[in-house]
Amino acid sequence: MIESDVFVQALENLGVNFFTGVPDSLLGGIIEELLTRKLYTPAVREDEAVAMAAGAYMAGKVSAVLMQNSGLGTALNTLISLNMIYRQPCILLVSWRGFEGKDAPEHLVMGETMPQLLDTMRIPHRTLSEPTMMDDLRWVGQTVMKQRIPVALLIKKGIIKGLHP
Numbered sequence: 004m005i006e007s008d009v010f011v012q013a014l015e016n017l018g019v020n021f022f023t024g025v026p027d028s029l030l031g032g033i034i035e036e037l038l039t040r041k042l043y044t045p046a047v048r049e050d051e052a053v054a055m056a057a058g059a060y061m062a063g064k065v066s067a068v069l070m071q072n073s074g075l076g077t078a079l080n081t082l083i084s085l086n087m088i089y090r091q092p093c094i095l096l097v098s099w100r101g102f103e104g105k106d107a108p109e110h111l112v113m114g115e116t117m118p119q120l121l122d123t124m125r126i127p128h129r130t131l132s133e134p135t136m137m138d139d140l141r142w143v144g145q146t147v148m149k150q151r152i153p154v155a156l157l158i159k160k161g162i163i164k165g166l167h168p
C-alpha cells in the first residue's frame, strides 16, 4: 500500500502545484495530506474542479483534479468543451469505485464502464499500482504535457492508504 504522503510528494516532485477536487473516501488519505500541506482547494462539483484546474493552468500551474469515477459524468461537458478543445491539460486522479463489481450498487455501472468511457472521450488513462507507481506517474506527467489534454490515473481501493485502516 502506498502511503498518502509519499504519493503526494511524488506528485509535487512531478511539478504538480495545484490540487482541487471533490471528496471521496478512497481519496481521503490523499486529501488529508494535501490539506495538511495547505495545497488543496475543495470544489463543490467535479465540473467546477476541472474548470478551476483550467484556470490554474492558464496562470502557469500544473493541476490535479481528485474525483471518484461517478464524477466523470458530472465533468464530461467541461472536459470535452474546455479542456480537450482548448488544450487545457490536467491530471485526473480518479478513484475506481465499483471495480470488479465490489462496491455499493450506485457505483457498479460506472465501475464497469469507466475505461471505455475514457477511451470514448479520448482521455489517456492508466491504472496506478504500487510496484509501478513511479513509472505510472512519469507516464502521466509526460503524457499530460506532450498531448496537453486531461490524463487520468485510476486508483483502485487499497492502493493508497486512506484515512481509515
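The sequence shown lines up with residues 4 to 168 when you count with this note's numbering. C-beta: ideal position from N, C-alpha, C; glycine also. Note that the structure is a prediction, hence the values are computed from the model and not measured.
* To do: On the DSSP bridge assignment, give the partners of residue 130 in chain order.
  => One-based indexing of the sequence shown puts residue 130 at position 127. Answer by DSSP bridge pairing, in chain order: 157.
* Asked: The alpha helix (DSSP H) spanning residue 112 covers which residue range?
  -> What you label residue 112 is simply residue 109 of the sequence shown in a count that begins at 1. Run containing residue 112: 111 to 123, per the alpha helix (DSSP H) assignment.
* Going by Cα to Cα distance, which pick from 133, 89, 62 and 21 is closest to residue 69? -> Numbered from 1 along the sequence shown, position 66 holds the residue referred to as residue 69. Of 133, 89, 62 and 21, the residue nearest in Cα terms is 21.
* Residue interval of the beta strand (DSSP E) (run including residue 24) -> What you label residue 24 is simply residue 21 of the sequence shown in a count that begins at 1. 21 to 24 is the extent of the beta strand (DSSP E) around residue 24.
* To do: Just list the alpha helix (DSSP H) runs in the segment 9 to 96, keeping only unbroken ones of 4 residues or longer that don't cross its boundaries, in chain order.
  => Correct list: 31 to 39, 49 to 61 and 73 to 81.
* Endpoints, alpha helix (DSSP H) assigned at residue 146 -> On the sequence shown, position 143 is the one that residue 146 refers to. For residue 146, the enclosing alpha helix (DSSP H) stretches over residues 136 to 150.
* Neighbourhood of residue 126 by C-beta distance below 6 Å, restricted to the same chain and skipping five residues each side -> Counting from 1 along the sequence shown, the entry for residue 126 is found at position 123. Within the same chain, residue 126 has close Cβ partners 153 and 155.
* **Within 9 Å, strictly: CB atoms of residue 106 and residue 164** => Position 103 of the sequence shown, counted from the first residue, corresponds to residue 106. Position 161 of the sequence shown, counted from the first residue, corresponds to residue 164. Cβ distance not < 9 Å, so residue 106 and residue 164 don't count as in contact.
* Asked: With distances taken from CA atoms, which of 123, 142 and 121 is nearest residue 13?
  -> What you label residue 13 is simply residue 10 of the sequence shown in a count that begins at 1. Here the closest residue by C-alpha is 142.
* Short Cβ contact (9 Å threshold) for residue 84 with residue 19 -> Reading the sequence shown from its first residue, position 81 is the one you call residue 84. Reading the sequence shown from its first residue, position 16 is the one you call residue 19. Against a cut-off of 9 Å, the Cβ pair of residue 19 and residue 84 comes out as no contact.
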